[in-house]
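Q: Take this structure, written in structure tokens, and hold onto it; I'll ask about it next.
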Amino acid sequence: MLTMKAKYALRAMCALARAEHARRPTDPALVPRPRRERLQARTIAEHSGAPGKFLETILVDLRQAGFIDSRRGQKGGHALARPADQIMVGDLIRAIDGPLAPVRCASVSAYQACADCPDPDACSLRSLMREARDAISDVLDRRSLRELALAPDFLAALPIAEASLNLDGGLS
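Numbering (this note's numbering), first residue to last: 75 to 246.
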């Protein structure tokens with residue numbers, strides 16, 4: 075199950091991705107590397123619906139995981155550490171919530187045998203849960219942050235005023 079922390083992290087990352095997208099030139103040949111658009115934490119909180127203090131801890135986690143670059147000072151703020159199309163949703167969720175497996179015995183990175191299971195290798199429930207884990211991973215690891223951030227149905231669900239969202243994907 076996706077925690078509120080992961081939902082807020084995804085929304086915060088989407089705000090940063092939309093800011094990056096809005097500042098990107100239409101002709102990629104013009105600028106070899108897009109300028110990072112930095113957003114203040116309060117702006118991210120407004121556009122993600124995340125409570126300020128909770129968002130601060132999430133931003134620290136995202137920075138430590140290498141997804142965002144944070145700077146203090148007058149020209150400070152938060153920006154994506156790499157382009158949104160190179161950040162996969164599955165990696166973000168794993169960084170915040172841990173493994174995607176529905177149970178620990180089906181996890182690749184955090185395997186733990188069930189106390190009541192005499193033979194994990196022969197367990198049909200574990201086999202089913204591994205199949206579910208693989209399906210979830212397959213979907214989330216194919217979807218980039220950019221795709222999620224610019225999806226119209228995702229944008230409509232965000233807790234932001236319509237006037238503050240530029241329809242071309244940027245923040246105003």
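All C-beta atoms, glycine included, are put in the ideal place defined by N, C-alpha and C. Since we're looking at a predicted model, the values are computed, not measured.
Could you tell me which of 90, 183 and 181 sits nearest to residue 34, measuring between CA atoms?
A: The requested residue 34 does not occur in the structure, where the chain is confined to residues 75 to 246.
Q: Keeping to the same chain, check which residues put their C-beta closer than 7 Å to that of residue 196; ignore five residues upstream and five downstream.
A: So the list is empty, once near-sequence residues are dropped.
Q: Return the Cβ separation of residue 166 and residue 87 in integer angstroms, given the expectation that the two are a contact with Cβ distance under 8 Å.
A: Indeed they touch by this definition, with Cβ atoms about 6 Å apart.
Q: Specify whether the segment 207 to 216 and the segment 151 to 169 touch according to this definition: at least 3 beta carbon pairs, one from each stretch, less than 8 Å apart.
A: Because the criterion of three Cβ pairs below 8 Å is met, the segment 207 to 216 and the segment 151 to 169 touch.
Q: Between the alpha carbons of residue 147 and residue 80, how many angstroms are there, rounded?
A: Residue 147 and residue 80: Cα-Cα distance of roughly 27 Å.
Q: Answer yes or no: do residue 263 and residue 169 have a C-beta to C-beta separation smaller than 8 Å?
A: Here the chain has residues from 75 to 246 only, and residue 263 is not among them.
Q: Under a CB-based cut-off of 8 Å, is residue 153 close to chain D?
A: The structure shown has no chain D; it contains just one protein chain.
Q: How close, in whole Å, do the beta carbons of residue 171 and residue 76 come, if the pair is a contact with beta carbons under 8 Å?
A: That pair is a contact at about 7 Å.
Q: Give the DSSP-derived three-state secondary structure of residue 76 in the structure shown.
A: In this structure, residue 76 counts as coil in the three-state DSSP scheme.
Q: Taking contact to mean 3 or more Cβ pairs, one atom from each stretch, closer than 8 Å, check whether the segment 175 to 185 and the segment 197 to 204 are in contact.
A: The answer is yes - the segment 197 to 204 touches the segment 175 to 185, with three or more Cβ pairs under 8 Å.
Q: Since residue 174 is in the alpha helix (DSSP H), which residue starts that stretch and which ends it?
A: Unbroken run through residue 174: none, as it is neither H nor E.
Q: Tell me, please, which residues DSSP counts as bridged to residue 162.
A: In the DSSP output, where bridge partners are listed per residue, residue 162 has 218.
Q: Expressed to the nearest angstrom, what Euclidean distance is found between the alpha-carbon atoms of residue 126 and residue 85?
A: Distance between the alpha carbons of residue 126 and residue 85: 13 Å.
Q: For residue 144, which residues does DSSP report across the bridge?
A: Paired residues: 152.
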